[in-house]
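Residue numbering for the sequence shown follows full-length UniProt numbering, starting at 1 and increasing by one per position.
Even for Gly, the Cβ is constructed at its ideal location relative to N, Cα and C.
Fair warning: this is a prediction, and the values are worked out from it, not measured in the lab.
A short worksheet on the structure shown next.
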Amino acid sequence: MRGSTTMAYYRQVGEIPQKRHTQFRDADGQLYYEELMGEEGFSSDSSLLYHRGVPSAISSAEVWELPDQTRVPNHPLKPRHLRLHDLTTGTDAVTDRRLVLGNADVRISYVTTGGPETRTPLYRNAIGDECVYVESGSGTVETVFGVLSYRAGDYVVIPRATTHRWVPAEPSQLYAIEANSHIAPPKRYLSRYGQLLEHAPYCERDLHGPTGVHLDESGAADVEVLVKHRVGGQVVGTRYTYATHPFDVVGWDGCLYPYTFNIDDYMPITGKIHQPPPVHQVFEGHNFVICNFLPRKVDYHPLAVPVPYYHSNVDSDEVMFYVAGDYEARKGSGIGLGSISLHPGGHAHGPQPQAIEASLGAEFFEESAVMVDTFAPLDLGEGGLAVEDPEYAWTWARSLG
């Protein structure tokens with residue numbers, strides 16, 4: 001079973017030896033230190049990185065107190081509307097994230113960063129992969145594999161245990177999806193060898209990994225790295241101090257590395273009648289999927305109803321994050337840009353009644369949303385509770401009055 005974040009193709013960046021696990025030295029004869037970064041206990045995709053310093057050389061480990069990770073069950077069971085643009089955060093892309101929703105499989109957080117003056121810490125998520133959607137802004141993510149540029153509309157996919165740092169060029173709104181697993185393209189899009197197939201709505205050309213190494217030449221010692229990990233069932237943090245800077249990789253090769261994918265490169269799948277959400281899927285993790293709804297032609301049957309039919313997600317909670325355009329099905333509900341709707345399993349949901357008639361005859365929808373469907377109930381984080389619209393659950397009934 002393919003469970004990794006990796007690409008279907010091999011990449012080589014920087015200098016590497018001709019054969020793996022052999023001596024590799026610099027011009028002065030100093031041996032480089034080889035590190036295998038691999039998944040599923042040497043049984044899945046991996047990369048080999050060649051360090052100037054010893055990647056294990058920590059000189060201290062202290063507790064890092066994470067932002068509030070408490071969660072409250074969705075009880076009584078209700079659909080929820082959360083206005084993320086009303087959420088006040090600090091300016092750091094990692095330490096100031098506020099937890100919006102979460103369960104044992106995935107956590108969704110939100111943060112608005114500062115600009116170029118913001119100096120974020122080095123960070124590593126040892127629990128699972130991260131898929132961070134860039135709602136707005138631009139900048140770079142420095143990693144041990146090299147540098148990624150990001151812009152609005154990018155998914156930034158960072159494999160588990162990758163040391164990295166966010167460097168915003170301008171204030172950036174980041175929607176962080178943190179898994180307790182790996183995040184990968186859906187299996188139905190992939191060949192048995194991992195190549196993206198012809199029916200997939202994107203291909204390898206759309207996925208952008210590092211193109212060069214990123215070496216810190218400052219000679220810095222005693223470098224701090226924040227590590228998120230688990231103790232029992234709890235998400236906790238540790239602050240490592242390294243003897244040398246982790247950005248000391250002179251080269252690497254393999255099939256495991258961070259990358260970006262922009263939603264503008266996703267090709268929506270449309271049909272004669274309304275297509276179900278799985279046609280919009282872009283990634284999957286353990287017990288959750290990520291989809292994106294984008295500007296597209298809509299159903300072309302002469303009697304088609306373009307907005308979604310009412311549906312009960314008996315096995316999942318559905319989270320929609322509305323990021324651009326005008327979402328037809330939710331007009332009149334209070335949903336707007338920056339909104340999250342949470343429609344839990346056990347509750348039938350769908351369009352506002354008046355939106356059905358209004359959509360008839362439409363040929364194109366100008367809307368963008370990122371959806372996360374989870375296969376276990378989601379709890380509300382403190383950030384979600386802080387910006388909830390308490391009237392949302394009753395909007396269907398009130399629209400009939």
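(request) Give the range of the alpha helix (DSSP H) segment to which Q354 is assigned. (result) P353 to S359
(request) Starting from the C-beta of Y310, find all residues in its chain whose C-beta is less than 6 Å away, skip the five residues before and the five after it, and write them out in chain order. (result) A348 and G350
(message) Output needed for V223: all residues of its chain with C-beta closer than 6 Å, excluding positions within five of it in sequence on either side, in chain order.
(response) Y242 and H245
(message) Taking the alpha carbon of G139 as the reference point, which residue from A386, A126, R119 and Y123 has its own alpha carbon closest?
(response) R119
(request) State the start and end residues of the unbroken alpha helix (DSSP H) segment that holds R382. (result) Note on residue identity: the sequence assigns Glu, not Arg, to residue 382. E382 to A386 is the extent of the alpha helix (DSSP H) around E382.
(message) At the level of alpha carbons, what is the spacing between Q30 and H51?
(response) 11 Å
(message) Taking 9 Å as the threshold (C-beta atoms), are L99 and D68 in contact?
(response) yes
(message) So for K19, helix, strand or coil by DSSP?
(response) coil
(message) Can you tell me whether G345 is buried or exposed? The criterion is at least 16 other CB atoms within 10 Å of its CB, across all chains shown.
(response) buried
(request) Might you give, ordered along the chain, the residues of its own chain that have their beta carbon closer than 8 Å to the beta carbon of H301, omitting 5 neighbours on each side? (result) K272 and I273
(request) Determine the extent of the beta strand (DSSP E) in which A179 is found, giving its start and end residues. (result) Q173 to A179
(request) Determine the DSSP secondary structure at G3, reduced to helix, strand or coil. (result) Because the pLDDT of G3 is 47, which lies under 50, any placement of that residue in the model is unreliable, and the number read from its coordinates should be weighed accordingly. Coil, per DSSP.
(message) Please identify the residue among A386, Y392 and A161 whose C-alpha is closest to the C-alpha of I87.
(response) Note that residue 87 is Leu in the sequence shown, not Ile. Nearest C-alpha to L87: A386.
(request) Taking only the alpha-carbon atoms, compute the straight-line gap between P201 and S181 and give it to the nearest angstrom. (result) 23 Å
(request) For the beta strand (DSSP E) holding R330, just list the boundary residues, first then last. (result) It is not in any beta strand (DSSP E) - R330 carries neither H nor E in the DSSP assignment.
(message) Once the 5 residues before and after Y133 are set aside, which same chain residues still bring their CB inside 6 Å of it?
(response) Y155, Y175 and V370
(message) Just to confirm the assignment, what range does the beta strand (DSSP E) spanning A397 have?
(response) Counting along the chain, A397 falls outside any beta strand (DSSP E), though it belongs to the alpha helix (DSSP H) covering T395 to R398.
(request) Would you mind working out which of P121, L66, L122 and G153 sits nearest C131, comparing C-alpha positions? (result) G153
(request) Alpha carbon to alpha carbon, how far is L256 from S172? Give it in angstroms, no decimals. (result) 26 Å
(message) What ranges does the beta strand (DSSP E) occupy inside the UniProt domain "Homogentisate 1,2-dioxygenase N-terminal" (120-262), keeping only unbroken runs of at least 3 residues that lie completely in it?
(response) 122-125, 130-136, 139-143, 146-150, 154-158, 164-168, 173-179, 223-231, 234-242, 249-254 and 259-262
(request) Mark T6 as exposed unless 16 or more other C-beta atoms lie within 10 angstroms of its C-beta, in which case mark it buried. (result) Legend: pLDDT at T6 = 49, less than 50; position of this residue unreliable, no value from coordinates given.
(request) Counting only the same chain and skipping the five closest in sequence on each side, list residues whose C-beta sits under 8 Å from that of G115. (result) P168, A169, E170 and P171
(request) Could you check the C-alpha separation between G325 and E178 for me, to the nearest Å? (result) 26 Å
(request) Quick one: grab the DSSP three-state call for H85. (result) helix
(message) For V314, which residues in the same chain have their Cβ closer than 7 Å to its Cβ, ignoring the five residues on either side in sequence?
(response) G345
(request) List the endpoints of the continuous beta strand (DSSP E) containing I340. (result) S339 to H343
(request) Please report how far the alpha carbon of residue 402 lies from the alpha carbon of Q275, in whole angstroms. (result) Because the chain spans 1 through 401 in this model, residue 402 falls outside it and cannot be assessed.
(request) Report yes or no: do the region 280-287 and the region 228-243 share at least 3 C-beta pairs separated by less than 8 Å? (result) no
(request) Excluding the 5 residues preceding and the 5 following P268 in the sequence, name in chain order all residues of the same chain whose CB lies nearer than 6 Å to its CB. (result) L294 and R296
(request) Report buried or exposed for S191, applying the criterion of at least 16 other Cβ atoms within 10 angstroms of its Cβ. (result) exposed
(request) Please say whether V111 and G90 have beta carbons closer to each other than 9 Å? (result) yes
(message) Only counting the same chain, and skipping five residues up and downstream in sequence, which positions put a Cβ closer than 6 Å to that of G41?
(response) none
(message) Quick check on the DSSP output: the beta strand (DSSP E) that includes M371 runs from which residue to which?
(response) E367 to T374
(request) Just mark L197 as buried or exposed, buried being the case when its beta carbon has 16 or more other beta carbons within 10 Å. (result) exposed
(message) Please tell me whether P210 and F145 are closer than 9 Å, where the distance is taken between their beta carbons.
(response) yes
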